[in-house]
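Be aware that the sequence shown starts at 1, since it is given in this note's numbering, and climbs by one per residue. Beta carbons are placed, not taken as given, at the ideal position from N, Cα and C, and that holds for glycine. Computed from a predicted model, the values in this text were never measured in an experiment. The structure appears below as structure tokens.
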Amino acid sequence: MFRSSLIRSIARPLASRRLVHVSAARRSAEPIATPEGSGAAADVNPKVGAIVDKVAELTLLETSQLVEALKTKFNITEAVQVVAGGPAGGAAAGGAAAPAEEKPVEKTEFKVKLEKIDPAQKAKVIREIKNLVPDMNLVAAKKFVEGAPKVIKDAAPKDEAEKIKKTLEALGATVVLE
Numbered sequence: 001m002f003r004s005s006l007i008r009s010i011a012r013p014l015a016s017r018r019l020v021h022v023s024a025a026r027r028s029a030e031p032i033a034t035p036e037g038s039g040a041a042a043d044v045n046p047k048v049g050a051i052v053d054k055v056a057e058l059t060l061l062e063t064s065q066l067v068e069a070l071k072t073k074f075n076i077t078e079a080v081q082v083v084a085g086g087p088a089g090g091a092a093a094g095g096a097a098a099p100a101e102e103k104p105v106e107k108t109e110f111k112v113k114l115e116k117i118d119p120a121q122k123a124k125v126i127r128e129i130k131n132l133v134p135d136m137n138l139v140a141a142k143k144f145v146e147g148a149p150k151v152i153k154d155a156a157p158k159d160e161a162e163k164i165k166k167t168l169e170a171l172g173a174t175v176v177l178e
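See below:
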């Protein structure tokens, strides 16, 4: 009698600290049965089976913490999977039409290439190239412009590439985005 009341007095404060409700199935000592016909227990490595049993004993909060710890440990990022055909029923009915509906991937990075310049505006283009390309002095910018066609910037974002193109074309240069 004394022992059971002692256990209850210890268990109540511990139970009140739990953040997630533990279902009756988890409180029982019996393991949760696997669905019949799944064959999960038959072809699983004993090490993996032991890990699965340990994970099955965890609460929802502990499982969430385990997942986050594994993602951190193995540098896993969540990727969103996009299904091209829509739901399974729509994929079967419109399977042939799915490739026609896909839009081409919009390019986000461009090569900004100087094709040619107007000889009368050469000095202005050289100054602008010097400003656009870091660590380039005036002599290097002159050689760069005279050696056109050359790539000004590789892997530039779309808005930056458009801005560079507009600026240089206003100065009399021919610029191509690739």
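Given 8 angstroms, three or more beta-carbon pairs between the stretch 123-131 and the stretch 64-76
no
Could you please give the first and the last residue of the uninterrupted beta strand (DSSP E) stretch that includes residue 151?
150-157
Is residue 133 near residue 117, with beta carbons less than 9 angstroms apart?
no
Can you tell me whether DSSP reads residue 171 as helix, strand or coil?
coil
Between the C-alpha atoms of residue 29 and residue 58, what's the straight-line distance to the nearest angstrom?
Per-residue confidence for residue 29 stands at a pLDDT of 48, beneath the threshold of 50, marking its modelled position as unreliable; the derived number appears in the next sentence. Roughly 13 angstroms separates the two Cα atoms.
Quick check on residue 58: does DSSP put it in helix, strand or coil?
coil
For residue 122, three-class secondary structure by DSSP:
Residue state, collapsed to three classes: helix.
For residue 109, which residues does DSSP report across the bridge?
According to DSSP, residue 109 bridges with 157.
Given a cut-off of 9 angstroms on the beta-carbon distance, is the pair residue 154 and residue 111 in contact?
Yes, these two residues count as a Cβ contact at 9 angstroms.
C-beta contact flag for residue 109 and residue 156 at 9 angstroms
Yes, the Cβ-Cβ distance between residue 109 and residue 156 is below 9 angstroms.
Just list the residues that DSSP pairs residue 116 with in beta bridges.
Partner(s): 174.
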